[in-house]
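The structure under discussion appears below in the form of structure tokens.
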Amino acid sequence: MRVCCQIIILLLACNFCAFVYTQDPSCCHHAAELPQCKDACDQLATIRSESRLKHLLQRLPSYCPESMNELWTCINSTLPGASRKSDGWVGLGCCELAISAECRRECKQASSKNDITKVCRKDTEKPLYSCISKNEMGSVCCSYAGRHTHCREYCQAIFRTDSSPTVSQINTVKEYCQSISPQLISCVANYTKSYPTRSPIDSLYCCDRAEEAHCQTACKRILRTMNTEHEIMEGLIAECGSQPLPQDPLWQCFLGSAHPPAKSDPETSPTAKMDCAKLHCCSKANTSQCRVMCQEISTNWGTQTWQEFDQVCEYSPVETDLITCLADVREPCQLGCKDLTYCTNFNNRPTELFRSCNIQSDQGAMNDIKLWSNGTIKMPLMNIPVLDIRKCRPEMWKAVACALQIKPCYSKSRSSVICKSDCVDILTHCGDFSRFGEGHTPEQICDLLSPTDDPDRCIPLQRYLAPSPFENIIEEVIHPCNPNPCPSNHLCEVNRKGCHPGQDCLPYFCVPGCKLGEASEFLVHMEARIQVPVRSGQVGCYEVCTCGQSSRLENCAEMPCIDTTKTCTVGGQRKSHGASFKVDCKSCFCNAGETICFPPQCPSLDNSFTGLPCGCPDNFVPVCARNGRTYPSACVARCMGFQDNQFVFGSCRSTGPCSPNPCQRNQRCIPKRRVCLTNTTDYPCLQYQCVGRPSGCDANQLDPVCDTDNMEHTNLCLLYQSGKTLAYMGHCQDACRVTREVCGHNGETYNTVCEAFSDRMAVDYQGRCHALGSVQGFPSDSGCNAVPCPALSAAGCNPITPPGACCPVCAGMLQILWNKQQMNVFAKLNRNQPVTVHDILRVLRLHISVPQCDIFGYLSIDSEIVILIVPVDQQPTPLQIEACSKEAEKIDSLINSGSPTLVSHVPLSAFLTSELKLSTVSSAAPPSASLSVCTCLSLCLLLTFLLSYLNNLKGHC
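As numbered in mature numbering (1 follows the signal peptide of the UniProt record, and there is no 0), residues -22 to -1, 1 to 935 make up the sequence shown, in order.
In structure tokens, the structure reads:
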């Protein structure tokens, strides 16, 4: 058996370039008594990807304790960069600020500040050391906040900002945290005394107000390179050729930001003192009092209303939607939890969602237990007297403290309250009734704090009274962006592209972003288009802004307001705006008085129902409509509203958009297949792009593409520059050298599976498309019976079948109802560019945090947006299938709740509601400890997982 595995390892390793690091396998015999550590150590010798090796090195201390001195001495001597500490040291997020590449690499592999001093000199790496010092002090200061979320949030804002703390930030911490923790106030004061002024880069947005383009560029350069106000003013006068006149927009803005304006001064940045993300939530308030308070908090940051808001609204049973929305903005739910040293039962849960799995919350839970041990639990609305919790159910109290700090969040409600029965049970046994207020009982208290026992809407403590059943599973599912390894002004994005040869290859990218307002910590990607409420906070009124190069929202344009007071009348009943409901067999949504429904039809009594829209015959005679979508027949296309002159017979991919050539002589016509979601009369859905011969391309822009000769290029520009024709996006794959046609779920035939995946399209079956599957669960008989379906990717999988597909798949699926009128508004505001399915997938893909899952999607024949979240491995494990289902649950919940973390992104803002279908694996019982033993079978399965991940990095070790 061992020889079999060694041969397989050798054969698989031949497919990859040699790796410069080697680790002495004899090290691992030091871990013989700890099978989990032995398995992880053995993997080091098999990995051929630099990013994968670095990731496992950072995780290795989780499996091999520091006390294993002989093992660590051996590993440190054979593997550069091995560390006894986890990747949770406070300096990790600062590494991108290092000036030299050598220092940056050393920083990412370090376990403490002492590890980098030999390579990173303090005199030349000032930004790095300044960031580390700031993070170290922030970790200490903010831990004094305990479980007081808002106090800790305000404290962290002081240390997160890349510039000097503002006066309003400092005052807010003083005002809100004074009564909570004088130690925190003192700690923050010691830090902020050294930062009396704002940083020049805080005024970058002013540069956009200069009339001349060269002045805008010079202004940004000056603010980034000069320190004193005198130097900056002299530089601006010299470069822009104008004196600082108060009527000049540039000087008016710059001088106003250098000297903080009064509250009534309108000349501030477009989002000054605002938190647009939280302002999104205010419309969800059910009471006018909480709505007004929420708007005040979100538009006049620094006032004293948070404490009052908590007391009035935090525990109000009618404000659940508002509170959950605000929680999403402050701490979005993320998959996975690891590296906690106190709340250890919360570790190793790769398919569970948590809001606050980090070192600070772990410390906060320990602090809570110390405070509660004094006999009183202090809550915003009451103090609860308890017996000695060190003797009365101590493990239960620890689970309570950890749950309230780490905040598991469940897909349907995303709330972080413990279940009522647990609350009543622990207070019944450990409450000090001699000190309870008159008439107070455990039931009454828990009605207020934990009003439900619905397992989908509360945290069952029993789950966390024991370690995770997956503690012996090694890295089947990873979470590169949790905890966030990036600087505070960058977003973390899963690396699905690989890396340039010779460069650091990490499983994530750090990309620059914008805050949704000066007072916000919520980031969006640079150049993203974002829908935010208007500054007045008027319900239903929004504007669309762009995240600009100045890292601020800019170029805002107002949208037509939505009248949220209009209701829909259905079956004699009134439905309010935003309500979801059923009409016969249809799922519907009330949008400003208009009832919008999923289009499925119910079977008719006269047996004329065929399973297709309008009762069309189930023949497969495809036509291509002007929206770029292939429909199975002319009847279906007409049913979807297309006239006979708006479609042609044949599939869309079989037509040649560049023949005849629609471009000018000096341009090249490139096919650009897309399916449009907007009005094709006002916003034509062109299937081609006219491009000039590029004079220069950025060789550092990594977005690999493969041409029709199976030659790989670093990006699309370089491919066009060489005169080649695009075959598909992504690395060239040996399996796709030869044409092997496949049929996608959209009814289109692709030359290879690589071409289908490049189009973000999952494969239905092998061969040309010739059949149409079920639509909305009603069977169709257009040839699917004769289709040989591929085997399911996992044994025991209970699959789902996407609309229009013949074959089932193991995946999580969303069927999304959307607002076409709003899509048209987005197109109009974006220079009349149509909104496409690819636009949807590009933004949604950023929300998939697990590299073992990827996203595919299409427009169904009855105009739903269908999203599939699929394991990337050919033979995924039950845990990986569960992770993809959890990703689908997360997105479905964010859509149906209208969470700003998702629907503030254009064009996702047009989503109305979603229906969810999930695959499950019947054999997904928690594995026993014996599975951690390195048998031949388990090693080969592990290699299958590793190779699938490495395939994405092939040629870029």
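Note that CB positions come from ideal geometry on N, CA and C, so glycine has one too.
- Alpha carbon to alpha carbon, how far is Pro458 from Leu680? 19 Å
- Please go through the region 850 to 893 and give each complete alpha helix (DSSP H) segment of 4 or more residues, from N-terminal end onward. 856 to 874, 878 to 881
- Task: State yes or no: is the C-beta of Ala783 within less than 8 Å of the C-beta of Gly751?
- Result: yes
- Message: So the candidates are Ala379, Pro420, Gln383, Leu365; which of them puts its Cα closest to the Cα of Cys408?
- Response: Leu365
- Terminal residues of the continuous beta strand (DSSP E) containing Gln793? 790 to 796
- Status (buried if at least 16 other CB within 10 Å, exposed otherwise) for residue 936: Here the chain covers residues -22 to 935 and nothing more, so residue 936 does not appear.
- Whole alpha helix (DSSP H) elements within the region 314 to 394, 4-residue minimum: 337 to 350, 372 to 384
- Taking all protein chains shown into account, do 16 or more other C-beta atoms lie within 10 angstroms of the C-beta of Lys560, making it buried, or fewer, making it exposed? exposed
- Query: Looking at the structure shown, is Gly835 part of a helix, part of a strand, or coil, going by DSSP?
  - Reply: strand
- Message: Does the contact criterion of 3 or more C-beta pairs under 8 Å hold for the region 823 to 843 versus the region 759 to 769?
- Response: no
- Message: Between which residues of its own chain and Ile347 is the CB-CB distance below 6 Å, once the five residues before and five after are set aside?
- Response: Ala379
- Rounded to whole angstroms, what's the CA-CA distance from Cys592 to Val614? Just pull it up for me. 7 Å
- Query: Anyone know if the C-beta pair for Gln624 and Lys650 falls short of 8 Å?
  - Reply: no
- Message: Applying the 10 Å Cβ sphere with the 16-neighbour rule, what's the burial state of residue 943?
- Response: Residue 943 lies beyond the stretch modelled for the chain, which goes from -22 to 935, so this question has no answer here.
- Nonlocal neighbours in the same chain, by C-beta distance under 6 Å from Leu696, ignoring five residues either side: Cβ neighbours of Leu696 beyond the five flanking positions: Cys675.
- Hey, could you find the ends of the beta strand (DSSP E) Gln422 is sitting in? Here Gln422 belongs to no beta strand (DSSP E); instead the alpha helix (DSSP H) covers 420 to 427.
- Task: Report the option in Asp541, Gly549, Met344 whose CA atom is closest to the CA atom of His555.
- Result: Asp541
- Assign Gly476 to one of three DSSP states: helix, strand, or coil. Correct three-state label for Gly476: coil.
- Express the C-alpha separation of Gly518 and Gln161 in angstroms, rounding to a whole number. Pairing Gln161 with Gly518, the inter-Cα distance amounts to about 43 Å.
- Item | Distance CB(Thr329)-CB(Pro445) smaller than 8 Å | no
- Task: Under 8 Å Cβ to Cβ from Leu331, same chain only, skipping five residues before and after it: list those, please.
- Result: Cys311, Gln312, Leu313, Pro386, Cys387, Tyr388, Ser389, Arg392, Lys864, Lys868
- Query: Does DSSP classify residue 971 as helix, strand or coil?
  - Reply: An answer regarding residue 971 cannot be provided, because it is not within the stretch -22 to 935 covered by the chain.
- Task: Let me know if Glu28 comes out buried or exposed under the rule of 16 or more other beta-carbons within 10 Å of its beta-carbon.
- Result: Only weak support exists for where Glu28 lies, its pLDDT of 49 falling under 50; the coordinates are left without a value.
- Item | Helix, strand or coil at Phe625 [DSSP, three-state] | strand
- Message: Tell me the rounded alpha-carbon separation between Lys86 and Asp253.
- Response: When rounded, the distance between both Cα atoms is 32 Å.
- Taking all protein chains shown into account, do 16 or more other C-beta atoms lie within 10 angstroms of the C-beta of Gly415, making it buried, or fewer, making it exposed? exposed
- Item | Unbroken stretches of the beta strand (DSSP E), 3 residues or longer, contained in the region 682 to 723 | 683 to 685, 704 to 707, 720 to 722
- If we count Cβ pairs, one from each stretch, closer than 8 Å, do we get three or more for the region 769 to 786 versus the region 866 to 886? With the cut-off at 8 Å, the region 769 to 786 and the region 866 to 886 do not touch.
- Is Lys262 helix, strand or coil by DSSP? coil
- Task: Within 10 angstroms of the Cβ of Pro595, are there 16 or more other Cβ atoms? Answer buried if so, exposed if not.
- Result: exposed
- Return helix, strand or coil for Ser565, following the three-state DSSP convention. Of the three classes helix, strand and coil, the one that applies to Ser565 here is strand, per DSSP.
- Where are the alpha helix (DSSP H) runs, 4 residues long or more, that stay fully inside the region 93 to 135, in chain order? Correct list: 104 to 121.
- Nearest to Leu846 by alpha carbon, out of Phe834, Ile163, Gln852, Leu349? That would be Phe834, whose Cα lies nearest to the Cα of Leu846.
- Considering only residues of the same chain and omitting the five flanking positions on each side of Val753, which have a CB-CB separation below 8 Å? Taken in chain order, the residues that qualify are Pro578, Gly589, Leu590, Pro591, Pro781, Gly782, Ser838, Ile839, Asp840.
- Separation of Asp20 from Arg(-21), as counted between CA atoms: Model confidence at Arg(-21) stands at a pLDDT of 36, short of 50, so the residue's coordinates are unreliable; what they give is reported in the following sentence. Separation of Arg(-21) and Asp20 (C-alpha to C-alpha, rounded to the nearest whole angstrom) is 13 Å.
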